[in-house]
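Scroll down for the structure; my scribbles are underneath it.
2 protein chains.
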Amino acid sequence: METEETEETAETGRPVPAVLREARRQDVPEIVALLADDAIGAGREGPADDAYYAAFELIAADQRNQLLVAEAGGRIVGTLQLTMIPGLSRHGMLRAQIEGVRVASGQRGQGLGRRMIEHAIEVARGQGCGLVQLTSDKRRPDAVRFYESLGFTASHEGLKLPLG
Amino acid sequence: METEETEETAETGRPVPAVLREARRQDVPEIVALLADDAIGAGREGPADDAYYAAFELIAADQRNQLLVAEAGGRIVGTLQLTMIPGLSRHGMLRAQIEGVRVASGQRGQGLGRRMIEHAIEVARGQGCGLVQLTSDKRRPDAVRFYESLGFTASHEGLKLPLG
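Chains as they are written, first to last, in my numbering: chain Z, 5 to 168; chain C, 5 to 168.
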C-alpha cells in the first residue's frame with residue numbers, strides 16, 4: 005500500500021515527501037484535525053470522540069473502503085477515502101468513489117493533493133474499476149479546476165439531502 | 005423490504021401500483037433492459053451476460069449495497085441502487101448514495117420515481133444515515149429539477165473520470 009519514493013533529507017530545505025499509506029487507528033485524532041482544518045469543515049468536526057473511532061472501525065473492516073493518509077515528518081498531512089461500488093450498469097462495472105479529501109494547510113500548493121488523487125486512481129485501476137468519481141463543493145471552484153486538471157469532467161450535478 | 009400499499013385493481017383503469025422490493029437474481033435481465041431503455045444508457049448496456057450476474061452477486065453479498073426494484077403486473081418497471089458509505093467526516097456520519105435510477109418509459113410521469121427515491125431515503129434514515137447523495141447527468145435537467153423537488157440541493161459538481 006505504501007508508495008515507493010526516495011525521501012529528500014531535511015538538509016535540502018525542501019519538504020520531506022509524504023508517504024501514502026492506509027490509515028491506522030492511532031491516526032484518527034490527526035485525521036479529524038485535518039477534516040476540521042478547512043473553512044467549510046471547521047464548524048462540523050471534532051474532537052476525536054468515540055463516533056470517529058467507530059466509523060474508523062467500520063471502514064477498516066470493509067474490503068470496499070480504504071482510508072488513505074499522507075504522512076510526512078511523523079505527521080499526518082493528507083487524507084482521502086476510497087470506496088469501491090459494485091453496480092449493474094455499464095456491464096457490471098465497478099466504480100471507485102473518492103470522499104473526504106484534505107491536505108494540511110501548510111502543505112497545499114506543493115503537489116501532494118495531486119499525488120494522493122493519482123495514487124487513488126491507480127488503486128482503483130488495480131482493482132478493476134472502470135470509473136473514478138467524486139463530488140466537489142461548488143464553493144471551492146479551485147478544487148473543481150484541480151480535479152479537471154487531473155482529467156475529471158464535471159458532467160454531473162452533485163445533489164445532497166441532509167437527513168434531520 | 006416490501007412497502008405496504010393497497011393495490012388498485014385492473015378494473016379501475018389505473019395502473020396497478022408497483023411493489024418496491026430487493027432485486028433477485030432472476031430480475032437481472034429485466035434490470036439490464038431498463039438500464040438500456042434510456043437515451044444516455046442505450047449505447048453502453050446489454051445483453052444480460054455473466055458480467056451483469058457477477059456484479060449482482062457482489063451487490064447481494066454486500067450488506068452496504070441494496071439493489072431495489074419496482075415490480076408491477078409481474079414486470080420490473082423501476083430500479084435503483086443504494087450504497088451505505090461509512091466515513092470519518094461529520095462525526096463519523098454514515099452517508100447513503102443512490103446510483104442507477106431508472107423508471108420504465110411507459111411508467112414515467114406517474115410518481116413511481118418519487119416513491120422509489122422516498123423509499124430509498126427512508127431506508128437510509130432507518131440505517132442511521134445523516135445524508136443522502138447522488139449525481140445526475142447535466143444532460144438531464146428535468147432529472148435535476150426532480151431531485152430538487154424532493155429536497156436535494158445541487159451544491160456540488162459531480163466529477164467523473166473514465167479509466168481506459
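Virtual Cβ for every residue (Gly too), placed ideally from N, Cα, C.
Quick caveat: nothing in here was measured; it's all calculated off a predicted structure.
- The bridge partners DSSP lists for Ala100 (chain C) are C:Met88 and C:Val136.
- At a cut-off of 9 Å, the C-beta of Leu138 (chain Z) has a neighbouring C-beta in chain C.
- Closer than 9 Å to the CB of Ser153 (chain Z) there is not a single CB belonging to chain C.
- Using a CB distance cut-off of 9 Å, Gln70 (chain Z) does not count as an interface residue toward chain C.
- Sequence-distant Cβ neighbours of Met88 (chain C) in its own chain, meaning closer than 7 Å and more than five residues away, are Arg68, Leu98, Ala100, Gln131 and Cys133.
- With a threshold of 9 Å between beta carbons, Ala46 (chain C) makes no contact with chain Z.
- Counting C-beta pairs with one atom in each stretch, the region 39–52 of chain Z and the region 101–108 of chain C have fewer than three that are closer than 8 Å, which means they do not touch.
- When secondary structure is reduced to three states using DSSP, Leu167 (chain C) falls in the coil class, being assigned neither helix nor strand.
- Using a CB distance cut-off of 9 Å, Gly104 (chain Z) counts as an interface residue toward chain C.
- In this chain, Ala76 (chain C) is not harboured by any alpha helix (DSSP H); it is covered by the beta strand (DSSP E) spanning Asn69 to Ala76.
- Taking the Cα of Ser159 (chain C) as reference, the smallest distance to any Cα among C:Ile35, C:Gly78, C:Glu26 and C:Gln137 is reached at C:Gln137.
- Against Asp66 (chain C), the close residues of chain Z are Arg68 and Pro90, in the order they occur along the chain (beta-carbon pairs closer than 8 Å).
- Comparing C-alpha distances from Glu26 (chain Z) to each of Z:Pro33, Z:Ala37 and Z:Leu86 shows the shortest one belongs to Z:Leu86.
- Ala76 (chain Z) is positioned such that its CB atom lies no closer than 9 Å to that of Pro33 (chain Z).
- Between Leu24 (chain Z) and Ala74 (chain Z), the C-beta spacing is below 9 Å.
- Interface residue (Cβ-Cβ distance to chain C less than 9 Å): Ser93 (chain Z) is classified as such.
- Within 10 angstroms of the beta-carbon of Gln30 (chain Z) lie fewer than 16 other beta-carbons, which makes it exposed.
- By the neighbour-count criterion, in which a residue is buried when 16 or more other Cβ atoms sit within 10 angstroms of its Cβ, Glu126 (chain Z) is exposed.
- Neighbours of Val81 (chain C) across chain Z, judged by C-beta separation under 9 Å, do not exist; the nearest C-beta is about 16 Å away.
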